[in-house]
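Colleague: First residue of the sequence shown: 64, per the numbering used here; consecutive thereafter. Every residue gets a Cβ at the ideal spot worked out from N, C-alpha and C, and that includes glycine. Please read these numbers as outputs of a predicted model, since none were measured by experiment. Quick one: the structure is below, and I'll ask about it shortly.
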Amino acid sequence: MKANALWNTFGCIFYLGCQWLITVLVVTLSNGYGNSGALSLAMSVGLIFTAIGSYNMRTYQVSDTKNRYSDSSYIAFRFLTLFLSLGICIVYGFVAYKDVQLFETCICYLVFKFDETFVDVIYGIYQKNLRMDYIGKSQILRGFLSLSLFSIGLSFTSNLKMSILLMSFGCILVTILFDRKHLKLFYHGFPKIDIATAKSMIITCTPVMIACLLNTAIASASRQLFGVNQGTELLGIYSALATPAVLIQAGITYIYSPWISSLSRDLASDKRLFKRNLKKLVLALIGMTVLGTLLLAPLGTHLLPLVYPNINNYIWTFPFVLLATSATAVFGLIHNCLIINRSLITLVVVNAGALILALATQTPLASACGLNGLNLSLLMSYTTASVAGYLYLLYKLK
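What follows is the structure in structure tokens.
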């Protein structure tokens with residue numbers, strides 16, 4: 064378990080670190096923050112795509128200890144949801160972004176997210192078979208190729224769309240050459256699903272998908288609202304500050320991810336054990352949040368201006384960025400535990416409440432506190448949702 068967790072954590076943090084470096088390169092290899100803002104908006108649409116395309120099935124898939132659905136069904140169902148998500152996001156991007164260049168950038172980024180979201184179902188099979196080391200190795204390859212090809216593309220073509228397509232191609236190669244090979248160790252055959260099974264999965268997991276979509280919208284809709292009101296330039300600055308903070312979010316997320324299967328078994332065998340381990344995890348994540356903020360805040364305050372000279376006036380908000388992104392990860396644990404507990408209606412209600420709170424507070428807080436208003440709005444929303452979800456779990460498991 065420890066080796067699996069280490070490989071998974073290192074690989075996934077490496078991948079996210081490479082994704083952060085891409086947001087650095089899009090600034091340093093471009094004139095101004097225009098490309099950074101365009102990439103940030105494309106990423107927001109990508110989050111929506113992932114929410115629908117994945118159907119947030121990973122936790123359900125891994126916690127399916129009774130094998131209600133087969134691996135073949137999970138893979139086939141992923142193809143169905145991916146193409147559904149692609150159609151929805153193309154329409155959304157066309158309506159939301161009148162600028163043709165922004166729309167085309169979004170389409171290119173959806174190619175990248177299509178592969179990333181598809182391979183997640185393979186990662187679920189790895190995790191269920193206790194081989195999360197394959198996930199880490201896959202993520203390392205993806206991180207290296209995406210960063211390398213994106214930087215080469217932007218350096219030689221100065222074309223953001225071409226650079227995104229190049230990194231997409233690199234990641235698709237990893238799926239074909241690495242993940243397809245290792246998948247054969249656990250799964251043989253061709254993905255297939257009958258109408259009855261597909262219908263059952265839709266009915267069962269639609270609340271999970273809706274909750275995931277709402278969860279994604281908390282950050283993405285808030286950022287889009289901020290970008291519309293404040294402009295893509297300021298949104299690009301926020302993205303420059305927020306992306307490195309994702310590393311602490313990733314650290315928290317990948318600390319608890321290997322324990323999802325364990326928590327599922329605990330719930331099936333002993334509710335008191337589940338509550339005890341959940342409490343330990345929550346306290347550990349809060350500790351990581353405090354420690355990570357204390358360590359990274361002064362480091363980021365000194366180093367980020369060297370990378371982004373124009374953010375000096377906003378660097379003071381970086382500790383709040385760290386807190387907001389950490390709150391996102393802590394809520395991720397509660398979100399997943401509600402899925403494990405199959406409290407799916409509560410899951411939707413908690414996420415909807417967080418979204419409403421975020422949208423209701425974002426504009427007034429941004430008006431009062433500027434760039435930091437976005438951080439405060441997200442921190443307030445995720446913290447409230449985490450407390451509500453945790454208290455519900457304690458109540459239900461009495």
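Enumerate in chain order the residues of its own chain whose CB-to-CB distance from residue 283 is below 7 Å, with the five nearest sequence positions on each side excluded.
Modeller: 107, 110 and 111
Colleague: Between which residues of its own chain and residue 246 is the CB-CB distance below 6 Å, once the five residues before and five after are set aside?
Modeller: 185
Colleague: Let me make sure I understand the geometry here. Which of 261, 124, 267 and 318 has the alpha-carbon closest to that of residue 349?
Modeller: 318
Colleague: Whose CA, out of 157, 387, 68 and 103, lies closest to the CA of residue 83?
Modeller: 103
Colleague: Measuring only the C-alpha atoms, how far is residue 253 from residue 239?
Modeller: Using only the alpha carbons, I get a separation of about 15 Å.
Colleague: Roughly how many whole angstroms lie between the Cα atoms of residue 436 and residue 298?
Modeller: 12 Å
Colleague: In chain order, what residues of the same chain lie with their CB nearer than 8 Å to the CB of residue 198, ignoring the 5 residues before and after it?
Modeller: 70, 71, 74, 75, 186, 189 and 190
Colleague: To which residues of the same chain is residue 196 closer than 6 Å at the C-beta, ignoring the five residues directly before and after it?
Modeller: 67 and 70
Colleague: Which first and last residues belong to the alpha helix (DSSP H) in which residue 144 is found?
Modeller: 134 to 159
Colleague: At the level of alpha carbons, what is the spacing between residue 471 and residue 359?
Modeller: Because residue 471 is not part of the residues shown, which for the chain are 64 to 461, the question remains open.
Colleague: For residue 326, which three-state DSSP category applies?
Modeller: helix
Colleague: Taking the alpha helix (DSSP H) that residue 442 falls in, what are its first and last residues?
Modeller: 435 to 459
Colleague: Have a look at 327, 262, 280 and 353 and flag the residue whose alpha-carbon is nearest the alpha-carbon of residue 139.
Modeller: For the residues 327, 262, 280 and 353, the minimum Cα distance to residue 139 belongs to 262.
Colleague: So, at 8 Å on beta carbons, what are the nonlocal neighbours of residue 170 in its own chain, with the 5 sequence-adjacent residues on each side left out?
Modeller: 153 and 156
Colleague: Counting only the same chain and skipping the five closest in sequence on each side, list residues whose C-beta sits under 8 Å from that of residue 204.
Modeller: 237 and 241
Colleague: Among 408, 431, 99 and 425, which residue has its Cα nearest to the Cα of residue 274?
Modeller: When only C-alpha atoms are compared, the closest one is 408.
Colleague: Determine, using beta-carbon pairs with one atom in the segment 408 to 420 and one in the segment 362 to 381, whether at least three such pairs fall under 8 Å.
Modeller: Between the segment 408 to 420 and the segment 362 to 381 there are fewer than three inter-stretch CB-CB distances shorter than 8 Å, so the stretches are not counted as touching.
Colleague: Is the segment 382 to 401 touching the segment 441 to 455, taking contact as three or more C-beta pairs under 8 Å?
Modeller: yes
Colleague: Relative to the C-alpha of residue 340, which residue among 136, 439, 427 and 397 is closest?
Modeller: 397
Colleague: In terms of alpha-carbon separation, which member of 136, 367 and 159 lies closest to residue 260?
Modeller: 136
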